[in-house]
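Position one of the sequence shown corresponds to residue 7 (my numbering), numbered consecutively onward.
Below is one structure, written out as structure tokens, with a few remarks after it.
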Amino acid sequence: MNHNPSQHLSEGGKEPVGGLLCGLGLGSDRGMCSPDSLVYTPSPTEDNTSSSPPLLLSPGLGSLGLGSLVEGAGADWESREELRLRELEEARARAAQMEKTMRWWSDCTANWREKWSKVRAERNRARDEIRQLRQRLDTLTKELTSVRRERQELTSENETLRQETLRLRGDIPPHPATSTSPSSSPLHSHITSSSSSSSVPPSSSASSLSSSKANANFKPDGAVDGPPGSPEPEPVRDVDLNRQKIGQQKDMELLESVLRSGAAGLDSEETWDIHGVNPTGSRSSSGLSRQERSRQLQEDVSVVEKDSSKLNALQLRLDESQKVLLKEREDKLALSKSIERLEAELSQWKLKYEELSKSKQEALKQLNLLKEMHQDELGRISEDLEDELGARTSMDKKLAELRVEMERLQVENAAEWGRRERLETEKLALERDNKKLRAQAEDLEEQLTKKRRQAASALDTDLKAIQSELFEKNKVGRKPDLSQHQLRNPLVLIHEYNEVQ
Numbered sequence: 007m008n009h010n011p012s013q014h015l016s017e018g019g020k021e022p023v024g025g026l027l028c029g030l031g032l033g034s035d036r037g038m039c040s041p042d043s044l045v046y047t048p049s050p051t052e053d054n055t056s057s058s059p060p061l062l063l064s065p066g067l068g069s070l071g072l073g074s075l076v077e078g079a080g081a082d083w084e085s086r087e088e089l090r091l092r093e094l095e096e097a098r099a100r101a102a103q104m105e106k107t108m109r110w111w112s113d114c115t116a117n118w119r120e121k122w123s124k125v126r127a128e129r130n131r132a133r134d135e136i137r138q139l140r141q142r143l144d145t146l147t148k149e150l151t152s153v154r155r156e157r158q159e160l161t162s163e164n165e166t167l168r169q170e171t172l173r174l175r176g177d178i179p180p181h182p183a184t185s186t187s188p189s190s191s192p193l194h195s196h197i198t199s200s201s202s203s204s205s206v207p208p209s210s211s212a213s214s215l216s217s218s219k220a221n222a223n224f225k226p227d228g229a230v231d232g233p234p235g236s237p238e239p240e241p242v243r244d245v246d247l248n249r250q251k252i253g254q255q256k257d258m259e260l261l262e263s264v265l266r267s268g269a270a271g272l273d274s275e276e277t278w279d280i281h282g283v284n285p286t287g288s289r290s291s292s293g294l295s296r297q298e299r300s301r302q303l304q305e306d307v308s309v310v311e312k313d314s315s316k317l318n319a320l321q322l323r324l325d326e327s328q329k330v331l332l333k334e335r336e337d338k339l340a341l342s343k344s345i346e347r348l349e350a351e352l353s354q355w356k357l358k359y360e361e362l363s364k365s366k367q368e369a370l371k372q373l374n375l376l377k378e379m380h381q382d383e384l385g386r387i388s389e390d391l392e393d394e395l396g397a398r399t400s401m402d403k404k405l406a407e408l409r410v411e412m413e414r415l416q417v418e419n420a421a422e423w424g425r426r427e428r429l430e431t432e433k434l435a436l437e438r439d440n441k442k443l444r445a446q447a448e449d450l451e452e453q454l455t456k457k458r459r460q461a462a463s464a465l466d467t468d469l470k471a472i473q474s475e476l477f478e479k480n481k482v483g484r485k486p487d488l489s490q491h492q493l494r495n496p497l498v499l500i501h502e503y504n505e506v507q
């Protein structure tokens, strides 16, 4: 009889817990959402090591109107995320294009730098070569001026020697011979020439003979060159060979005439010595003795010998001067050729320099055009960067708003999470209470079963005792029909026994 209240109590204990769980939307028929089933998408600028709890939204909070809000916020967040990803892709594409353009500009500038370095190196090389050629030209012009000065000095000396030779040549021709003394004229001419040559110093006579040869060599050049004080020397001309040959022939004729005059003097002396004839027959009446004539002849012979030695020395000096003049002429021709070659090279270098200057001007124009294009491109790139910065600032503002909203949702989620944890703790406490109550109910049921068994055993013993008493009474003989009826209905007896108790 006592088991009904315990069963009612256990069922009543279950019903409030189930009603509370059903009222909160956490019953067994609703089903709970695990924390792992909800997706948490952190913001791009949020730190991954954030200590805030993840965004967990329970479907059981739909009664508070948060389910629809979270779904709307999730859809808006997805659309914003897609827009943000699209903008990021566009920004990356722009950045890649800008990087390509900047790399192209850097390559162009590097190529132009390399070309300009090559052009500059060629220009510097050309300048160095032009400087060297100018130095060589200066040295050659100095040498040429020195050679021309020496040549002018030689020409002046040649003129003086020519005048002396002309003067000597005017003295050398023999006087007209008389009928009385045929051999007196060559001797007199030789004596006058020897006396004139003895009056002139040997250096001047030697120089006169050498200048006769040099005059023939330098005569055409003297006509070509200007005065020694002229500021700019005239270009070198070729030597007239005919004039040189004529001058040489004249010099040779002069030497032959001198030698012939010397030989004629010697022959006359020999004839005078052999025949003993007085060459000055017309002057025999002057009273000169033979000894005086012989002494005079010896003096004349000594003078002629001296003149012959002087002529030999002059001939040697003439040969040496001819060699020197030939060497100087060859040097002058080589210098003229080298000057012409240097002038041709200088003209070529001038043409190259003009070409390089023209190419430099063209390159400068192209470089200015490229600089303008580069400035325009940089302006466009700066405008694009400003636009991108504006878009990025707007995106940052949107992200800040989304971050604020996310923080608010995280706060709400944390509050809901705290409520859920609190409800879970209450649920666990109720489950523990239910377990305790179930254990108590099981104990009570066990006690009831034990009491039932004891009662049943007691009823059996009582029934046996009653049956024995009734059997004894039946033996006595009272109420045989009633005892049989009672034996037939033991339940009635049990009921009566209970009532008695």
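Just so you know, even glycine gets a beta-carbon here, dropped at the ideal spot from N, CA and C.
In this text, all values refer to a predicted model and were calculated from it rather than measured experimentally.
Taking all protein chains shown into account, decide if residue i is buried (16 or more other Cβ within 10 angstroms of its Cβ) or exposed.
| i | result |
| --- | --- |
| residue 310 | buried |
| residue 395 | exposed |
| residue 130 | exposed |
| residue 327 | buried |
| residue 168 | buried |
| residue 171 | buried |
| residue 313 | buried |
| residue 164 | buried |
| residue 4 | The structure shown does not extend to residue 4, since the chain is modelled only from 7 to 507, so the question has no answer here. |
| residue 1 | Because the chain spans 7 through 507 in this model, residue 1 falls outside it and cannot be assessed. |
| residue 154 | buried |
| residue 375 | exposed |
| residue 419 | buried |
| residue 89 | exposed |
| residue 339 | exposed |
| residue 4 | Since the first residue shown for the chain is 7 and the last is 507, residue 4 is missing from the structure and cannot be characterised. |
| residue 324 | buried |
| residue 320 | buried |
Suppose you measure from the CA of residue i to the CA of residue j; what does that come to, to the nearest Å?
| i | j | result |
| --- | --- | --- |
| residue 85 | residue 416 | 20 Å |
| residue 381 | residue 133 | 34 Å |
| residue 161 | residue 345 | 23 Å |
| residue 123 | residue 156 | 49 Å |
| residue 353 | residue 362 | 14 Å |
| residue 368 | residue 358 | 15 Å |
| residue 480 | residue 439 | 58 Å |
| residue 460 | residue 426 | 49 Å |
| residue 471 | residue 465 | 9 Å |
| residue 387 | residue 104 | 7 Å |
| residue 473 | residue 458 | 21 Å |
| residue 399 | residue 393 | 10 Å |
| residue 115 | residue 82 | 49 Å |
| residue 475 | residue 454 | 30 Å |
| residue 364 | residue 371 | 11 Å |
| residue 391 | residue 407 | 24 Å |
| residue 424 | residue 433 | 14 Å |
| residue 236 | residue 151 | Here the model assigns residue 236 a pLDDT of 39, short of 50, so the residue's position is not dependable and the matter cannot be decided. |
| residue 118 | residue 99 | 28 Å |
| residue 137 | residue 331 | 33 Å |
| residue 316 | residue 306 | 15 Å |
| residue 446 | residue 429 | 25 Å |
| residue 143 | residue 127 | 24 Å |
| residue 336 | residue 342 | 10 Å |
How is residue i classed by DSSP in three states: helix, strand or coil?
| i | result |
| --- | --- |
| residue 358 | helix |
| residue 133 | helix |
Can you find a heavy atom of the ligand COA that lies under 6 Å from the Cβ of residue i?
| i | result |
| --- | --- |
| residue 479 | Only the bare structure without any ligand can be found here, which leaves the ligand COA out of the picture. |
Please go through the stretch 78 to 103 and give each complete alpha helix (DSSP H) segment of 4 or more residues, from N-terminal end onward.
none
Sequence ranges, alpha helix (DSSP H) only - wholly within the stretch 431 to 485, length at least 4:
none
Beta strand (DSSP E) runs wholly inside the stretch 340 to 387, at least 3 long, in chain order:
Listed in chain order, the beta strand (DSSP E) elements of length 3 or more contained wholly in the stretch 340 to 387 amount to none.
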